[in-house]
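Undergrad: Handing you a structure now.
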Amino acid sequence: MEINLLVFGQIADITGKTTWKVSGVKNTDELSHILAETYPSLQSMKYSIAVNKKIIQGNTELNNDDTVAILPPFSGG
Amino acid sequence: MNLSPAYQRYQRQLMLKEIGMAGQEKLLKAKVLVAGAGGLGCPALQYLTAAGVGTIGIADFDIVDITNLQRQVIYTVEDVGKSKASTAATRLKNLNPDIQFQVFNTRLQNDNALEVIRKFDLVIDGTDNFSTRYLINDACVLLCKPLVYGAVLRFEGQVGVFNMADKETNIITNYRDLFPEPPLPDSVLSCNEAGVLGGLPGIIGIMQATEAIKIITGIGKPLCNTIVSYNCLSNCLRNQFYEFKVTPAEKINSLIPGTESAFLNFDYDWFCGAGLHPYEIPAGEFDILRMKEEITIIDVREKEELPVVNEFLFTQIPFSRYEETISNISTNNKIVVFCQSGKRSLKAVKMLVEKFPGCKAYSLKGGIEAWKKNNSEISV
């Protein structure tokens, strides 16, 4: 079980990469938890999660080969 | 095509059968508000004006700064120090004298947003802060006005259309369905702090204008409930463009002020965290404090940063070296930390309070920019 992860904006600055694969995550809460452990700066950041391009609300189950995208808000104009 | 002089300028788009004379008439009758005449607003304004959108509102309280010229290419060196909204209107009138411009030299806030937005058919959001973005979103929800959203940072931009039903699904979403809660104030960077490549807001702003023109003329499929993310550094389409489909979040939408009086009373600055910090001191209070007692003032800006401050004495500890220097800071007096916009100084104060629990430290709210502005208003 492996998912594709894409990150945007300031989150990519923190992770140092924009796309990679994550194995063994069952749902989006678990993924957020793993990310926060790997990158502590993410703990204080708000972001929206899209599973296969759909923005989700609340914990969502993940399936093999799903693409999860993480989008932080930004306000520059 | 035999055109009357008034329509000659639109010849290239009248040729498009999807637009034609009927579409041009719709554009000439349309009323669009552009909120923020900055990086996004300027290009949006130029293309809306050129396309013949009949009435265009320009809302911006700011003045042109030399650092704006790198991306806000409607302005020139002579405009520095002048009102953005008025200057933009003058330039745009030269581009297309048939357009009616309504200039709002003011910050959109609770007590004027509904009155201003009500006059228009749709709103383009080119503002630069979360507080105004949530305010504009909620006003558009309340008044049922389509909102063309855009935002940029560094090399990335987002564009989308909210508050307008998708023709196929009839679904309507708004900005809060994408970002239910604003980020913590010190967890995100603004273009002032993180920078932005000049062409990027140009691209996103023109995409916003194009979405507005699609909506007005009814052609194609507007980006309803869709956010397109664009990264200008990437060379493969998959990473350059990415789309997010937004769906309604009922729980979240119950938080949007449901009536005009609820809207008037909603504190957007507080909602976006500006009022959450006990560690901030507004410019006026800072002046009172430093007159009243001896305080330690620390500038955490890097050496070359402007503006130069010579109105009071301070210690300079650049934020890049702050962590290693923090233990040397004396906490005998009250401490006020400042930077340009008040974000780094807020971080610095939090670090100080963690290091020296109980110390009296404050971050100058809005930074030295807000302080300078406050003082120039007083002296005028």
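Protein sequence lines correspond, in order, to chains H and Z. Numbering-wise, the numbering used here puts 36 at position 36 of the first sequence, and it's gapless, one number per residue. To get the numbering used here, take the position in the second sequence, counting from 1, and add 1000. Note that the Cβ used here is the ideal one computed from N, Cα and C, for glycine as well. All values derive from a computational prediction rather than experimental measurement.
Report the start-end ranges of each beta strand (DSSP E) in the stretch 28-72 of chain H that is 3 residues or longer and not cut off at the edges.
TA: Counting only runs that start and end inside the stretch 28-72 of chain H, the beta strand (DSSP E) elements of at least 3 residues fall at 48-51 and 67-71.
Undergrad: Would you kindly report the start and end of the unbroken beta strand (DSSP E) that includes lysine 1334 of chain Z?
TA: 1334-1338
Undergrad: Roughly how many angstroms separate the alpha carbons of isoleucine 1215 of chain Z and alanine 1151 of chain Z, rounded to a whole number?
TA: 19 Å
Undergrad: Just how far apart, CA to CA, sit valine 1116 of chain Z and isoleucine 1295 of chain Z?
TA: Computed Cα separation, rounded: 44 Å.
Undergrad: Taking only beta carbons into account, state which residues of the stretch 5-29 of chain H come closer than 9 Å to chain Z, listed in chain order.
TA: Leu6, Phe8, Gly9, Gln10, Ala12, Asp13, Thr18 and Thr19
Undergrad: Could you tell me the distance, in whole angstroms, from the CA atom of leucine 1223 of chain Z to the CA atom of leucine 1264 of chain Z?
TA: 30 Å
Undergrad: Quick check: the Cα distance between isoleucine 3 of chain H and glutamate 1168 of chain Z, rounded to an integer number of angstroms?
TA: Rounded to whole angstroms, isoleucine 3 of chain H to glutamate 1168 of chain Z spans 30 Å at the Cα level.
Undergrad: Does chain H have any CB closer than 9 Å to the CB of phenylalanine 1319 of chain Z?
TA: No, because no Cβ of chain H sits closer than 9 Å to the Cβ of phenylalanine 1319 of chain Z.
Undergrad: Leucine 1048 of chain Z and isoleucine 1213 of chain Z: beta carbons closer than 9 Å?
TA: yes
Undergrad: Between phenylalanine 1356 of chain Z and the rest of its own chain, which residues show a CB-CB distance below 6 Å, the 5 nearest in sequence each way excluded?
TA: Thr1331
Undergrad: Please determine whether the Cβ atom of glycine 1198 of chain Z lies at a distance below 8 Å from any heavy atom of the ligand PLP.
TA: For the structure depicted, the ligand PLP is absent and the ligand set is empty, with no information on it obtainable.
Undergrad: Hey, is proline 73 of chain H's beta-carbon within less than 9 Å of any beta-carbon in chain Z?
TA: yes
Undergrad: Could you tell me which residues DSSP puts in a beta bridge with lysine 1245 of chain Z?
TA: H:Lys54 and Z:Thr1226
Undergrad: Who does valine 1053 of chain Z pair with in a DSSP beta bridge?
TA: Note: valine 1053 of chain Z sits in no beta bridge, so no partner.
Undergrad: Looking only at its chain, what residues have a beta carbon closer than 8 Å to the beta carbon of alanine 1051 of chain Z, apart from the 5 residues adjacent to it on each side?
TA: Tyr1010, Gln1013, Leu1027, Ala1209 and Ile1213
Undergrad: Nearest-angstrom Cα distance between isoleucine 1368 of chain Z and leucine 1352 of chain Z?
TA: 19 Å
Undergrad: Is isoleucine 55 of chain H close to chain Z, meaning its C-beta is less than 9 Å from at least one C-beta of that chain?
TA: Yes - at least one Cβ of chain Z is within 9 Å of the one on isoleucine 55 of chain H.
Undergrad: Exposed or buried, which one is arginine 1238 of chain Z when buried takes at least 16 other CB atoms within 10 Å?
TA: Its Cβ having fewer than 16 others within 10 Å, arginine 1238 of chain Z is exposed.
Undergrad: Taking Cβ to Cβ, would you say lysine 1343 of chain Z is nearer than 9 Å to glutamate 1243 of chain Z?
TA: no
Undergrad: Would you list the one or two residues that DSSP bridges to arginine 1154 of chain Z?
TA: DSSP output for arginine 1154 of chain Z lists Z:Val1196 as bridge partner(s).
Undergrad: What separation, rounded to the nearest whole angstrom, lies between the Cα atoms of glycine 1195 of chain Z and alanine 1035 of chain Z?
TA: 21 Å
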